[in-house]
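S.K.: The opening residue of the sequence shown carries number 224 in the working numbering; numbering runs sequentially from there.
Shown below is the structure under consideration.
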Amino acid sequence: MRLKHTIFFITLSLVFLLLMFDSVLARSKRVTAYTSLHEPVARAVFNQFEKESGLKVFFVRLSTGEAVSKLDAERLNPQVSIWFGGVGIGHIRAKNKGLSVANPTTATKHLEPKYKDKDHHWAGIYAAPLVFEYNTIMLKRYALPIPVSWRDLTKSEYKGHIQMANPGFSGTAYNILTTIVEIFGETSAFKYIQALNRNIPMYSRSGSAPGKRAAIGEVTIAIGYAHDAVKFISDGFPLAIQFPAEGTGYEIAAVSLIKNGPKDETENAKKLYNWAFGKSAAKVYVSQSFAVPFVNVPLAKGAIPISEVKTVEQDDEWAAKNRSRLVEKWHNVVTSSQSE
224 MRLKHTIFFI TLSLVFLLLM FDSVLARSKR VTAYTSLHEP VARAVFNQFE
274 KESGLKVFFV RLSTGEAVSK LDAERLNPQV SIWFGGVGIG HIRAKNKGLS
324 VANPTTATKH LEPKYKDKDH HWAGIYAAPL VFEYNTIMLK RYALPIPVSW
374 RDLTKSEYKG HIQMANPGFS GTAYNILTTI VEIFGETSAF KYIQALNRNI
424 PMYSRSGSAP GKRAAIGEVT IAIGYAHDAV KFISDGFPLA IQFPAEGTGY
474 EIAAVSLIKN GPKDETENAK KLYNWAFGKS AAKVYVSQSF AVPFVNVPLA
524 KGAIPISEVK TVEQDDEWAA KNRSRLVEKW HNVVTSSQSE
């Protein structure tokens, strides 16, 4: 009887050890991530990385603003190792809040200084300019002219026809807000926003939602990123784009490693980070989202390089440092305008 008990406990111990080993092995082959890429794009990107690396990526999709808030809330016990995608201003905020960690790497040596952090906390995978997206059928139905400038959007004929996201939630919308500030100067910019608000019936949480609604005819005009609009056009939606005459802002879609992320994922996260800036990843960005990466790969038909666009003198460091103040000011202006 004693021998049977001994054999039983030895067997049980071996099973337990094997399960522990399998668990450790599984953890050693994983990476946990927040991503602000569109979910289908993220899935394609991570699937390609998994094929090449043998690692498994577990991800949750969050907007840029949501990602920064989530990382900040989890700062004492980070749940992910990497933040992949999202407007660069958000990655600067994450760095300023002490949420990301430096990762010096030769993988980003090809990037211009303005497309990466001098302290190696984040780096860009592609740039995307802001555009006006308009539904050609809806524009014709309402006999509206194509808006060609930021000032055009404040004209009374566009009342109820324009949509953008809320900069309190959306990195895209905050990029729009800072672009307006950079074009008009802060005082005039908020007078402009007050006028623009009269033409916007609602603000979405997601930066890409207005473009989707314009594509399907739920709204006539949206403000969003060019590569998202080009994807809808390629898919056959009656959408067209117009770059504003005064110039436009742009996002630097970026990647950051998270400070004090799961320790058993550190090296795997670095592998994903370094891979993000190479040609293999860039080909997925191109095929899935019409983005224009910072590495030399064939572009999708209709993709628009940032070099061909009139852009504003964008200061993302300033934009990141002044976000709370500008978003609060935007909220106050919009709220007071709506109560008039």
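Quick reminder that beta carbons are idealized off the backbone N, C-alpha and C, glycines included.
Taking contact to mean at least 3 C-beta pairs separated by less than 8 Å, is the stretch 347-354 in contact with the stretch 414-432?
M.R.: Judged by Cβ distances under 8 Å, the stretch 347-354 makes no contact with the stretch 414-432, as fewer than three pairs qualify.
S.K.: Output the distance between the C-alpha atoms of Ser-276 and Trp-498, rounded to the nearest integer angstrom.
M.R.: In the sequence shown, the residue the question calls residue 276 occupies position 53. In the sequence shown, the residue the question calls residue 498 occupies position 275. The alpha-carbon atoms of Ser-276 and Trp-498 are separated by roughly 9 Å.
S.K.: Report the option in Lys-533, Gly-311 and Ala-330 whose CA atom is closest to the CA atom of Asp-539.
M.R.: Here residue 539 refers to the residue found at position 316 when the sequence shown is read from its first residue. The residue with the shortest Cα to Cα distance from Asp-539 is Gly-311.
S.K.: Nearest CA to the CA of Ser-547: which residue from Thr-489, Gly-288 and Leu-260?
M.R.: As a working note, residue 547 is residue 324 in the sequence shown. Ser-547 has its Cα closest to that of Gly-288, out of Thr-489, Gly-288 and Leu-260.
S.K.: Could you check which residue in Ala-396, His-344 and Ile-529 has the C-alpha nearest to that of His-554?
M.R.: As a first step, residue 554 must be located in the sequence shown, where it is residue number 331. His-554 has its Cα closest to that of Ala-396, out of Ala-396, His-344 and Ile-529.
S.K.: In whole angstroms, what is the alpha-carbon distance linking Phe-466 and Tyr-496?
M.R.: As a first step, residue 466 must be located in the sequence shown, where it is residue number 243. As a first step, residue 496 must be located in the sequence shown, where it is residue number 273. Rounded to the nearest angstrom, the two C-alpha atoms are 32 Å apart.
S.K.: Restricting to runs no shorter than 4 residues, where is the alpha helix (DSSP H) found entirely within the stretch 241-319?
M.R.: DSSP runs (the alpha helix (DSSP H)) wholly in the stretch 241-319: 262-276, 287-296 and 311-319.
S.K.: Sorted by chain position, which residues of the same chain lie with C-beta nearer than 7 Å to Arg-284's C-beta, five sequence neighbours on each side aside?
M.R.: For the purposes of this step, residue 284 is taken as the residue at position 61 of the sequence shown. Result list for Arg-284: Thr-258, Glu-262 and Ala-265, in chain order.
S.K.: With a threshold of 8 Å, are at least 3 pairs of Cβ atoms found where one atom belongs to the stretch 440-451 and the other to the stretch 383-395?
M.R.: Short answer: they touch.
S.K.: Using the Cα positions of Lys-293 and Arg-253, report the straight-line distance between them to the nearest angstrom.
M.R.: Indexing the sequence shown from 1 puts residue 293 at position 70. Indexing the sequence shown from 1 puts residue 253 at position 30. Looking at the two C-alpha atoms, the distance is approximately 21 Å.
S.K.: So, at 7 Å on beta carbons, what are the nonlocal neighbours of Pro-528 in its own chain, with the 5 sequence-adjacent residues on each side left out?
M.R.: To locate residue 528, count along the sequence shown from 1; it is residue 305. Excluding positions up to five away in sequence, the list reads Val-515.
S.K.: Which residues bound the beta strand (DSSP E) around Pro-467?
M.R.: As a working note, residue 467 is residue 244 in the sequence shown. Counting along the chain, Pro-467 falls outside any beta strand (DSSP E), and DSSP gives it neither H nor E.
S.K.: When DSSP labels each residue in this structure, what does Glu-380 get in the three-state scheme?
M.R.: The residue you call residue 380 lines up with position 157 of the sequence shown. Three-state result, Glu-380: helix.
S.K.: Assuming Phe-500 and Lys-454 form a contact by the criterion Cβ under 8 Å, report the distance between their Cβ atoms to the nearest whole angstrom.
M.R.: Reading the sequence shown from its first residue, position 277 is the one you call residue 500. Reading the sequence shown from its first residue, position 231 is the one you call residue 454. With 8 Å as the limit, Phe-500 and Lys-454 do not qualify as a contact, their Cβ atoms being about 22 Å apart.
S.K.: Relative to the alpha-carbon of Glu-488, which residue among Ala-296, Asp-295, Gln-302 and Ile-464 has its alpha-carbon at the smallest distance?
M.R.: The count along the sequence shown starts at 1 and reaches residue 488 at position 265. Here the closest residue by C-alpha is Gln-302.
S.K.: Tell me which residue opens and which closes the alpha helix (DSSP H) that Pro-433 is part of.
M.R.: Your numbering for residue 433 matches position 210 in the sequence shown. Its alpha helix (DSSP H) spans residues 432-438.
S.K.: For Val-247, collect the residues of the same chain with a Cβ closer than 6 Å to its Cβ; drop the 5 residues on either side in sequence, then sort them by chain order.
M.R.: Counting from 1 along the sequence shown, the entry for residue 247 is found at position 24. Note on Val-247: pLDDT 44, under 50, position unreliable in the model; the coordinate value appears next. If we look at Val-247 and ignore the five residues flanking it on each side, it has no Cβ neighbours.
S.K.: State the Cα-Cα distance for the pair Lys-494 and Ala-418, rounded to the nearest angstrom.
M.R.: In the sequence shown, counting from the first residue as 1, residue 494 sits at position 271. In the sequence shown, counting from the first residue as 1, residue 418 sits at position 195. Roughly 48 Å separates the two Cα atoms.
S.K.: Starting from Glu-474, follow its DSSP beta bridges and name the residues at the other end.
M.R.: Locating residue 474 in the sequence shown gives position 251, counting from the first residue. According to DSSP, Glu-474 bridges with Ala-351.
S.K.: Please report the residue range of the alpha helix (DSSP H) in which Ile-416 lies.
M.R.: Position 193 of the sequence shown, counted from the first residue, corresponds to residue 416. Per DSSP, Ile-416 belongs to the alpha helix (DSSP H) from 409-420.
S.K.: Taking its Cβ as the centre, do 16 or more other Cβ atoms sit within 10 Å of Tyr-365, making it buried, or is it exposed?
M.R.: In the sequence shown, the residue the question calls residue 365 occupies position 142. Per the 10 Å Cβ criterion, exposed.
S.K.: Among the residues of its own chain, which have a CB less than 6 Å from the CB of Lys-533, if the five just before and after it don't count?
M.R.: Position 310 of the sequence shown, counted from the start, is the residue given in the question as residue 533. Hits under 6 Å: Gly-470.
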